[in-house]
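Trainee: Residue numbers (my numbering), protein chains in the order written: chain A, 299 to 643; chain B, 299 to 643; chain C, 299 to 643.
Cβ atoms here follow ideal geometry from the backbone N, Cα and C, with glycine treated the same way.
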Amino acid sequence: MPAFSLAQLAKITGAELHGDGDCMVQGVGSLDDAKTGEVTFLSSSKFRRHLESPLASAVILKPADLARCPVDALVSDNPYLAYARAASALYAEEEQPVGVHTSAVVEDSAKISARARIEAQCYIGEDVQIADDVVIGPGCVILNRCRIGQGTRLVANVTLGSDTQLGERCLVQPGAVIGADGFGMANDQGRWVKVPQLGCVVIGNDVEVGASTTVDRGALKDTVIEDGVKLDNQIQVAHNVHIGAHTAIAAGVGIAGSTKIGAYCTLAGHAGVAGHVELVDHTHVSGLTAITKSIREPGVYTSTVPAVPHEQWRRNFTRLKQLDDMARRLQALEKAMQEQQSDQS
Amino acid sequence: MPAFSLAQLAKITGAELHGDGDCMVQGVGSLDDAKTGEVTFLSSSKFRRHLESPLASAVILKPADLARCPVDALVSDNPYLAYARAASALYAEEEQPVGVHTSAVVEDSAKISARARIEAQCYIGEDVQIADDVVIGPGCVILNRCRIGQGTRLVANVTLGSDTQLGERCLVQPGAVIGADGFGMANDQGRWVKVPQLGCVVIGNDVEVGASTTVDRGALKDTVIEDGVKLDNQIQVAHNVHIGAHTAIAAGVGIAGSTKIGAYCTLAGHAGVAGHVELVDHTHVSGLTAITKSIREPGVYTSTVPAVPHEQWRRNFTRLKQLDDMARRLQALEKAMQEQQSDQS
Amino acid sequence: MPAFSLAQLAKITGAELHGDGDCMVQGVGSLDDAKTGEVTFLSSSKFRRHLESPLASAVILKPADLARCPVDALVSDNPYLAYARAASALYAEEEQPVGVHTSAVVEDSAKISARARIEAQCYIGEDVQIADDVVIGPGCVILNRCRIGQGTRLVANVTLGSDTQLGERCLVQPGAVIGADGFGMANDQGRWVKVPQLGCVVIGNDVEVGASTTVDRGALKDTVIEDGVKLDNQIQVAHNVHIGAHTAIAAGVGIAGSTKIGAYCTLAGHAGVAGHVELVDHTHVSGLTAITKSIREPGVYTSTVPAVPHEQWRRNFTRLKQLDDMARRLQALEKAMQEQQSDQS
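1) Check the Cβ of Y381/A against every Cβ in chain B and list those closer than 9 Å, keeping chain order.
2) Report the rounded CA-to-CA distance for Q495/A versus R515/A, giving the unit in angstroms.
3) Would you report the Cα separation of L565/C and P395/B, rounded to the nearest angstrom?
4) Where does P377/B sit, in a helix, a strand or coil, going by DSSP?
5) Between the region 484 to 504 of chain C and chain A, which residues of the former have CB atoms less than 8 Å from a CB of the latter, in chain order?
6) Looking at chain E, which residues of the region 431 to 452 of chain A have a Cβ within less than 7 Å of any of its Cβ atoms?
7) My understanding is that S510/C touches G473/C, with C-beta atoms under 8 Å, so please give their C-beta distance in whole angstroms.
8) Considering Cα atoms alone, identify which of A412/B, T590/B, T545/B, H608/B is closest to A588/A.
9) So the alpha helix (DSSP H) A305/A belongs to, where does it begin and stop?
10) Give me the Cα-Cα distance between A390/C and G477/B, rounded to the nearest whole angstrom.
11) According to the neighbour-count rule (16 or more other Cβ atoms, all chains shown, within 10 Å of its Cβ), is E262/B buried or exposed?
12) List the residues of chain B whose Cβ lies closer than 8 Å to the Cβ of P472/C, in chain order.
13) For T450/C, I'd like the list of residues in its chain whose CB is within less than 6 Å of its CB, leaving aside the five on either flank, ordered along the chain.
14) Roughly how many angstroms lie between the CA atoms of T512/B and L628/B, to the nearest whole one?
15) At 3 residues or longer, and completely inside the region 482 to 569 of chain C: list those beta strand (DSSP E) runs for me, N to C.
16) Counting only runs of 3+ residues fully inside the region 309 to 354 of chain C, write out the beta strand (DSSP E) ranges in chain order.
17) List the endpoints of the continuous beta strand (DSSP E) containing H582/B.
18) Taking D406/B as the reference, which of N442/B, T545/B, T581/B has the closest Cα?
19) Would you kindly work out how many angstroms separate the C-alpha atoms of E524/C and I547/C, rounded to a whole number?
20) By DSSP, does E391/B sit in helix, in strand, or in coil?
21) In the DSSP assignment, what residue or residues form a beta bridge with Q463/B?
22) Would you mind sorting K528/B into buried or exposed? The rule is 16 or more other CB atoms within 10 Å of its CB.
23) Compile a chain-ordered list of the residues in the region 546 to 564 of chain C whose CB is closer than 7 Å to at least one CB of chain B.
24) Tell me the DSSP secondary structure of D370/A in three-state form.
25) So, A356/C versus V404/C, is the Cβ gap smaller than 8 Å?
26) Can you pull the chain C residues whose beta carbon is under 7 Å from the beta carbon of N614/B, in chain order?
27) Using only alpha-carbon positions, find the residue among L618/B, R594/B, G597/B, I593/B that is nearest to T602/A.
28) What does the alpha-carbon distance come out to for the pair G312/B and R366/B?
29) Compare the Cα-Cα distances from E694/C to each of L364/C, T545/C, S303/C, A305/C and report the closest residue.
30) List in chain order: all unbroken beta strand (DSSP E) runs of 3+ residues lying wholly within the region 591 to 625 of chain A.
31) Roughly how many angstroms lie between the CA atoms of A572/A and D486/A, to the nearest whole one?
32) I believe W611/C touches T581/B by the beta-carbon criterion, under 8 Å. Please report the beta-carbon distance rounded to the nearest angstrom.
33) If you draw a straight line from the alpha carbon of R489/C to that of V337/B, how long is it in whole angstroms?
34) Just mark T616/A as buried or exposed, buried being the case when its beta carbon has 16 or more other beta carbons within 10 Å.
35) Which residues mark the beginning and the end of the beta strand (DSSP E) in which L586/B is found?
36) Could you tell me the boundaries of the beta strand (DSSP E) in which A267/B lies?
If you want it as structure tokens, here you go:
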């Protein structure tokens, strides 16, 4: 593991150094248990009390918290970002040997960079193109004609359906399936007839795809995920969905077919988005929320129904079925009251 | 890729030809960008405006839209179905060589048709039976005693638990797990004791199973999926569920144990169905809807809670906890008003 | 398959024998179709009518149902638990040969017990430690430095990220991914920067992990699952979650980052728990319920919204957006009524 001086880390993180620039750091830790030789961070003043007696060699923190810091500090307006950069430097992956593991099966027509690494038990299909510095982890299956850009890594047991395109510096977690058939069925008097799924999946640069997330190929045109999109685990992206750049989606979200999610959006866990709708850039969707129509105005949208003790739920939620009736009765009462009052005047 | 004349496609699709039967077509495209030599379709008159200047050689459309079609036409009452058939013909999979890839591991007792294809990195367990024209894609694991019917295809990285039966012409997408243990636990003073899951999974003909969908084996009897059922991605089918023929289920749906879904049902995305309930044939469940009781009448059932801007949500959804109180107060007011009015008369 | 006398089964299950202790049983069946030589169980007196003419050799049942049982009986206060023990004995897995399959790839530095079994197409990474009686099923990928305790079984196609620790006697179903990166991202003026995920996953003894369930590694500290926890399929456990001992979680549940679930809790299907909250021991969460805040009191918590016929839904659920308005109008009416009544007195 590499070690850095605080002066070096200040440069790497863009933070301002307060203290001994020669102090060496070789790891990170959390605010409450980082040790000497480690750097930690304080992203919110809420946790300021942990600053009292840190054992860490240095703390990355906001200008407002500097005065209370008893050890060396790296001052940044965005300590979490500075921490991410410090940790990335301190825990950089060791360079691995390149080449194709003897147990991997690679079709003759595949073009694999001599600088790529294909690990054990993989299958690489016909006419696949794999660029420099790509790592294909154990057990991955890459079907025919996929193209994988420079520096992209598939961790393990990832499946890419035929014709999938992955950009540069992407990271795909285990169990992800990119490029399976979309769910397109025509109905023939009650029976379902499969509609061939002829589009593919096109993914930009710097995209992360979480464990067991599924991104289906398009029906006719492609399913598109733009640069910098981050997908957590167990997300479902249906055929012909388009996800704009730098959008982040948390685990368990489902996006139905042909929906267009804008750029710089966030969707929290287990949200669901209907098919054929559009979410404007900078839309933020709360957890367990159902988006059933297009959203034209940026902002936060919510339909989370928070839990209550079961007995309270029983009393209140059965009333939901009476809500329209209640609204009409309320209106009738208001009318009666008004008439009474005008009678009296 | 094969090419067909419009006369041939009319026959394949059951549509009525209007125009040049000798016109050759070798692909399909969407209404707004199909090119010469391609056929497209107009399933809804809503999109009729795109008919003005199609570049496609022919359009599959409804009788009502024929008059406005400036190019050759295939007329059908169900253009999407006719399109599915045309596309299936035009993009028929090339026949692949049969046989077992050298990297596949096949137990001696497995019986594999000489007309089947077992691809790279597969494992085929003891006493497995694989029929003619089956394709087992790369990385699949088929545990002991599974039986796979003629023409079925497992795309890649599919897992079949022991004793799983798949019918003919099924299609299983990557990452699907069929025949894992059901979630059966007995409670021993707070600790959970596993109940052996001794049933298996029995799947009919023409069933599609989506990516990362899980279908658990039965506890004592089997989990059953009837002919023609179509399951999208990331669906959970618990032990002893029974799904009737020609039911289609969208991504992210969960069906709890021992529930019986009828035939010709549809369940939209992220719906959840409780355990031990029955849904009559022709039940349709909306997206993100909770089915907590049996449904005896065919129809559409819904409990989707649509999103609103967050501030509006904050104001309204906190009132849910007061709903029973509101209902009682409304009733009290009605009574008071009534008494007042009877006093006055 | 082994056979047991009823006397032996009485001992194994802790039940009281009523009838012929020498009667031999070699299997189990359900109450309505168990045959001679099989034992069945009646866990709830609700199904007592099936006792009339069982073909089973014996029935495991509660003391209250004994009088009506026409065949031999094993009497237990918890017949389902006794059944689980009987079935576990009767269907004990045959001992399998130990050793490493020739198709498996095992790094030289891995330490694998001579009493472990590594099946076909596996990959075992550097410095992995695998204890006695472990079974690693076909297609599993175990990345570097994982440790797997005695008697644990990975069924097939399981992925363990680096440094994952699994205790003793655990069972991991196919497609599960334990130890993928958590979803940690810092924001740099709209763009997401990955935060290295440096913790790991630590799982206790006797834990079951369902098919396609994902358990992410911690960001700094570890994600922890204590002894006896049972996870169904397609559950998402985010980074730094802590799940207390003997908690059972049904399929499709999502638990966001840093949340602490107590011991002896149950979470029903498709529930979602927000990040950074705590659920006290003995919390029970209903299906499709959103937990958005910490729960301090044991009990059942619910926000399930049950489905209604679509037309009824249309009428009632649009009123949700008027709920605050309705509440205010109700209050105004109450005030007006009160003023009227005080005027009149």
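Mentor: So, to answer that:
1) The residue given as residue 381/A occupies position 83 in the first sequence. The contacting residues do not exist; Y381/A stays about 29 Å from chain B at best.
2) On the first sequence, residue 495/A is found 197 positions in, with the first residue counted as 1. On the first sequence, residue 515/A is found 217 positions in, with the first residue counted as 1. Taking the straight line from one Cα to the other gives about 7 Å.
3) Within the third sequence, the letter at position 267 stands for residue 565/C. Within the second sequence, the letter at position 97 stands for residue 395/B. Between L565/C and P395/B, the C-alpha separation is close to 49 Å.
4) What you label residue 377/B is simply residue 79 of the second sequence in a count that begins at 1. Note: P377/B maps to helix in three-state DSSP.
5) Flagged, chain order: A484, N485, D486, G488, R489, W490, V491, K492, V493, P494, L496.
6) Absent here is chain E; the protein component of the structure consists of chains A, B and C.
7) Taking the third sequence and counting its residues from 1, the one referred to as residue 510/C is at position 212. Taking the third sequence and counting its residues from 1, the one referred to as residue 473/C is at position 175. 4 Å between Cβ atoms; contact.
8) Sequence index remark: in the first sequence, residue 588/A carries index 290 (1-based). Shortest Cα-Cα distance from A588/A to any of A412/B, T590/B, T545/B, H608/B involves H608/B.
9) In the first sequence, counting from the first residue as 1, residue 305/A sits at position 7. Annotation for A305/A: the continuous alpha helix (DSSP H) segment containing it runs 304 to 311.
10) Walking along the third sequence from the start, residue 390/C turns up at place 92. Walking along the second sequence from the start, residue 477/B turns up at place 179. C-alpha separation (whole angstroms): 18 Å.
11) Absent from the model: residue 262/B. The displayed extent of chain B is 299 to 643, so no value can be given.
12) On the third sequence, residue 472/C is found 174 positions in, with the first residue counted as 1. V439, T457, G459, V475, A478, listed in chain order.
13) The count along the third sequence starts at 1 and reaches residue 450/C at position 152. If we look at T450/C and ignore the five residues flanking it on each side, its Cβ neighbours are V432, L464, C468.
14) By 1-based counting over the second sequence, the position of residue 512/B is 214. By 1-based counting over the second sequence, the position of residue 628/B is 330. Approximately 48 Å, taken between the alpha carbons.
15) Within the region 482 to 569 of chain C, the runs of beta strand (DSSP E) at least 3 residues long that lie entirely inside it are, in chain order, 483 to 486, 489 to 492, 499 to 501, 512 to 514, 521 to 523.
16) Scanning the region 309 to 354 of chain C from its first residue to its last, the whole beta strand (DSSP E) runs of 3-plus residues come out as 314 to 316, 336 to 340.
17) Counted from its first residue, the second sequence places residue 582/B at position 284. Here the beta strand (DSSP E) through H582/B covers 581 to 583.
18) Numbered from its first residue, the second sequence carries residue 406/B at position 108. When only C-alpha atoms are compared, the closest one is N442/B.
19) Taking the first residue of the third sequence as position 1, residue 524/C is located at position 226. Taking the first residue of the third sequence as position 1, residue 547/C is located at position 249. Taking the straight line joining both Cα atoms gives about 13 Å.
20) Working through the second sequence from its first residue, we reach residue 391/B at position 93. Correct three-state label for E391/B: coil.
21) In the second sequence, counting from the first residue as 1, residue 463/B sits at position 165. Note: Q463/B is bridge-paired with R445/B, V500/B in the DSSP secondary-structure output.
22) Indexing the second sequence from 1 puts residue 528/B at position 230. It counts as buried.
23) If the cut-off is 7 Å between Cβ atoms, the region 546 to 564 of chain C has A546, A548, A549, G550, Y562 near chain B.
24) Position 72 of the first sequence, counted from the first residue, corresponds to residue 370/A. D370/A carries a strand assignment under DSSP once its states are collapsed to helix, strand and coil.
25) The sequence position of residue 356/C within the third sequence is 58, counting from 1. The sequence position of residue 404/C within the third sequence is 106, counting from 1. Contact flag unset, no.
26) Position 316 of the second sequence, counted from the first residue, corresponds to residue 614/B. The answer, in chain order, is L618, K619, L621, D622.
27) Start at 1 with the first residue of the first sequence, and residue 602/A comes out as number 304. Answer by Cα proximity: L618/B.
28) One-based indexing of the second sequence puts residue 312/B at position 14. One-based indexing of the second sequence puts residue 366/B at position 68. Distance between the alpha carbons of G312/B and R366/B: 21 Å.
29) An answer regarding residue 694/C cannot be provided, because it is not within the stretch 299 to 643 covered by chain C.
30) Taken in chain order, the complete beta strand (DSSP E) segments of 3 residues or longer contained in the region 591 to 625 of chain A are 597 to 600.
31) Stepping through the first sequence from its first residue, residue 572/A is reached at position 274. Stepping through the first sequence from its first residue, residue 486/A is reached at position 188. Between A572/A and D486/A, the alpha-carbon positions lie close to 24 Å from each other.
32) Here residue 611/C corresponds to residue number 313 of the third sequence, with the count starting at 1. Here residue 581/B corresponds to residue number 283 of the second sequence, with the count starting at 1. About 14 Å separates the beta carbons of W611/C and T581/B, which is beyond the 8 Å limit, so they are not a contact pair.
33) Taking the third sequence and counting its residues from 1, the one referred to as residue 489/C is at position 191. Taking the second sequence and counting its residues from 1, the one referred to as residue 337/B is at position 39. When rounded, the distance between both Cα atoms is 42 Å.
34) In the first sequence, residue 616/A corresponds to position 318, counting from 1. Counting Cβ neighbours within 10 Å, T616/A comes out exposed, since fewer than 16 surround it.
35) Numbered from 1 along the second sequence, position 288 holds the residue referred to as residue 586/B. Note, L586/B: premise wrong, no beta strand (DSSP E); not H, not E.
36) This structure does not reach residue 267/B, given that chain B is present from 299 up to 643, and the question cannot be answered.
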